[in-house]
Structures are given as C-alpha cells and as structure tokens.
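Worksheet: one structure, shown below.
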Amino acid sequence: MPSTEARPGTPVFSPAAVVASCVGFVLIGALQALYGPAVPAFREEFGLTPSAAGLGLSAHFVGGVAGVLLFDRLYGRLGNRQILGASYLLMAIGAACFALAPNWPVALASALFAGLGFGGIDYGLNQLFAVGFGHRSTAMLNILNAHFGVGAILGPALVGAVGSAHYPAVFLGFALANLPLLLCLKGVRDRAPQPSGVPESALPASDGARVRGRSLGSVLAVFVALYVLHVGVEAGVGGWEPTHLETVGYGAGVAATATSVYWLMMTVGRFLVAPIALRFSAQTIITLSCAGMTVCLLLASVPALAPYAYAGVGLFIAPIFPTGLPWLHRAAPRARRAGALVIAASMVGGVAAGPALGGAIEASGIRAVPLLLCGVSALCLAATLWLIHATRTADTSLTTDASPTTKTPRTIDTPRTTDASPTTGTCPPSAAGTPGTR
C-alpha cells in the first residue's frame, strides 16, 4: 500500500501542476454549470418533462458525492497521481458518453459517471491544497476554488454562444479538455505532508482527546453543519434571488443580471481573499465572512438595496468553503476522512437547499426569502463562534509544542518537541491574525 505522506519540505505540486490544477477546477465548475442551459435541448431531444430533465444535474450531484466518498477510501491505497488521473478520465468518458447518449437513461448514467470524476477532482485537489502549501494553504485554496467560479461562468456562456441544441459538441469539447491535464500529473507528488505540517509526533496521542471538554465528533459535526448551512445559503441565493427581485418590483432582465453579479462576486471574493489569508487566520476570515453575509441578507429585505446586498452576499460567502478546510485539518489532524465528510456534506447541502427553502417560502411568501436565508446565515456565524471556542486549545497546544520559536528548559528531556519544530506550519507572529492560530 503506497503511502501518501511526504518528507517535510517536499513540494506537493510543481508550478505547472498548480496551473493544471486550477484548469481542472475551471473544468469541474463548467461541467456543473453546463446541464442547466442545456435543459431545453434535453427536453426536445428526449421528450422530457421539466422535472425529468432536471434529473441530469441530480445524477451529476449523486455521482459527485459518491466520487468524494469513493476516492477518500482509495486515498492512501493509491497514489495521488492515480486518484487524480482516474478522476480526469472518468469525467472525460462520462461527458463524452453524455454527449453521444442515444436515450435519456444512458445520458443519466453518463452524468453519474462524470459526477464520479467530478467528486474525485473536487476532493483530491482540495485535500492536497489544504495540506500541501504550509501556511499558504488557505490562500492557495481560495485561488483554486476561485477557478471553479470561472468555469461556472464560462460554461453557460459557451452553451449560450453555440446554442443549447449543440450541447453534444460542448460536452465533447469538455471531455477532450480533460486529457492534456493527465500529462501534468507528473508534477504532483504521490505523497502528501501531514495536515498543516504538524508531524506525527506532535499530534495528540488519541483520537478521543478532548478539545475544551468537547469530543472530536462534536467538532466534526459542527464543521459539517457549517458547510451544509453555508452551501444552503449559497444555493438559496442563486436559486431564489431572481424570483425575489422580480417580486419586489425589478424587471426580469435586472433580476437575471443581479444574479450573475452574485456569482461573479463569489469568484472575485476568492481571488481577493488570497493575500488576506496570508495575514489573518482562517477563524478570523470565516467569522467576518459569516457576519458580513448575515448583514447583507438582512439588507436584501429592503427592496431598494436588494440587488447590491445580494452582490455583497456573494463577496462575503466566497472564502468560507476553501478557508474552512485548512482550519478543519488543524483542528482534527488525525481525522483523515474529515475533509471528505465536509465536501460531501456541502454537495448534499446544495441539493437539499432547494426543497427545504421552497417549503419555508410556501409558508412565509417570496418576500421573506432574504430573511429566511439571514436566519440560516446567523446559524453559520453561531457555528463558527462555537468552533473557535472549541478548537482554540488544540491550536494553541500544537503551536506551543511544535513552534520553532518554543524554547524548552534544558533540564527537561523533550526530544519530540525538538524534532517536530522544523516541520511546523505556524506563521511568524507578524503574519498571524489571532494568537495561537496558524
């Protein structure tokens, strides 16, 4: 069984592999966004009802969740290159089969197949970026996930340019675009470092160790809740913003443009937060993001401010997904499957948000959309504050035990601290956002 752990200081990605990884995220962003604009062509070609046509995206998401869980099981058994290579091939084959499908059941199976590859890339690259760049991991994750947004913008634009009737050509082009990325996998190390650079000897002796008196399971459960809730807000705004804006008096064109701006601001926000992540902790960034998101959703209930407030929501929600992963790895360095759990949960949250929010809107009306989402956002803020309180002791203890600047009295024999110090992922004091973190 090949190990996925590398020697300290060994780069996980070559510069070319970093660029290829960003291109890979453009592709998975485009793939997820291609199904919606192609729905009219699906309905005409296969004689589908609207709900049946929507199953294409559902099959994609089911495959994505399965791909995350499958490749998480293979992580550590296969090398990183094999996992990523298999994922790119699955996406390429699935997209090509979807384009050439003779009937709708075959198309759905192909979307599921492509979704498996999507999940493998989403999980694999997020996992490696979260642990592969030391104190720069948060910044690099934001840059990586910003490229997902680039793909989500370009995909529908491409379908619109060529016409939905030509969706098979778009999916075939997508399939071919995956293949050159296989050549860049030589620049990906088959071994990854320990989470956040913390050596095995510096980790807690037991997975059952308490963090401020709370179990590791509780911390992971709240991380999962944070991801499910914030992706629910993300999907809720994207799905209901146009309807809400039209209900409060805006034209359909303005509503559609404002929704596009919302998605654009999510992409811009991740690029903007990358340099900020080098100076401030993940905890600080996520707290401010949740607070800003909550305030903007409250302002969106004022019709005159709504389009601008929704753009603000996109800006503030942008860093949460990528910034939370390094924090999770530091808070639970022994819980190897934690990353897969929250990524899979985020996909489930995106799927579940529509029906759940729809039921609440039926009871309270369209005008209540921003207030309903504001309540969910407030829960995100509460979860973040709970996690800061629960993980502070763990972060502080790891920093104290592994920091290069820690001085141990000569009368105490502590070889483990001395050995651990060169590989720690802590930042210099001048770059830290809060004491005892990063």
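Taken in order, the sequence shown gives residues 0 to 437; the numbers are from numbering that gives the first Met the number 0.
Here a beta-carbon is modelled for each residue, glycine too, at the ideal position from N, C-alpha and C.
Just so you know, these numbers come straight off a predicted model, no measurement behind them.
Check, Outcome
"Between the CA atoms of Gly28 and Gly349 - distance to the nearest angstrom", "14 Å"
"Pro104 versus Val267, Val253, Ala58, residue with shortest Cα-Cα distance", "Ala58"
"6 Å CB neighbourhood of Pro306 in its chain, flanking five on each side removed", "Ala257"
"Buried versus exposed call for Ser363 [16 or more other C-beta atoms within 10 Å across all chains shown]", "exposed"
"Nearest-angstrom Cα separation, counted from Ala145 out to Val267", "7 Å"
"Exposure of Leu340, with buried meaning 16 or more beta-carbon neighbours within 10 Å", "buried"
"Inter-residue Cα distance where the pair is Ala15 and Leu171", "25 Å"
"For Tyr87, three-class secondary structure by DSSP", "helix"
"Distance between beta carbons of Thr286 and Ile387, contact taken as under 8 Å", "7 Å"
"Nearest-angstrom Cα separation, counted from Cys373 out to Ser300", "9 Å"
"Nonlocal neighbours in the same chain, by C-beta distance under 7 Å from Ala19, ignoring five residues either side", "Leu180, Cys183"
"Exposed unless 16 or more other CB atoms sit within 10 angstroms - verdict on Leu178", "exposed"
"Delimiting residues of the alpha helix (DSSP H) encompassing Leu47", "Neither: Leu47 is in no alpha helix (DSSP H) and is coded neither H nor E."
"CB contact below 9 Å: Ala29 versus chain B", "No chain B is part of this structure, which consists of one protein chain only."
"Alpha carbon of Ala176 to alpha carbon of Cys289, nearest angstrom", "36 Å"
"Inter-stretch contact at 8 Å, needing at least 3 Cβ pairs: the stretch 97 to 117 / the stretch 219 to 227", "no"
"Distance CB(Ala276)-CB(Pro369) smaller than 9 Å", "no"
"Alpha carbon of Pro10 to alpha carbon of Phe315, nearest angstrom", "31 Å"
"Cut-off 7 Å between Cβ atoms - residues of its own chain near Gly186, not counting five sequence neighbours on either side", "Phe12, Ser13, Ala15, Ala16"
"Any 3 or more C-beta pairs closer than 8 Å across the stretch 143 to 160 and the stretch 85 to 101", "no"
"Sheet register partners of Val187 (DSSP bridge)", "Phe12"
"Segment contact, 8 Å Cβ cut-off, at least three pairs: the stretch 133 to 153 with the stretch 270 to 284", "yes"
"Pro49 classed as buried or exposed, judged by whether at least 16 other C-beta atoms fall within 10 angstroms", "exposed"
"Extent of the continuous alpha helix (DSSP H) to which Asn141 belongs", "136 to 161"
"Check whether Leu92 and Phe70 have beta carbons under 9 Å apart", "According to the sequence shown, residue 92 is Ile rather than Leu. Going by C-beta atoms, Ile92 is not nearer than 9 Å to Phe70."
"Classification of Asn79 by the beta-carbon crowding that lies within 10 angstroms, buried from 16 upward", "buried"
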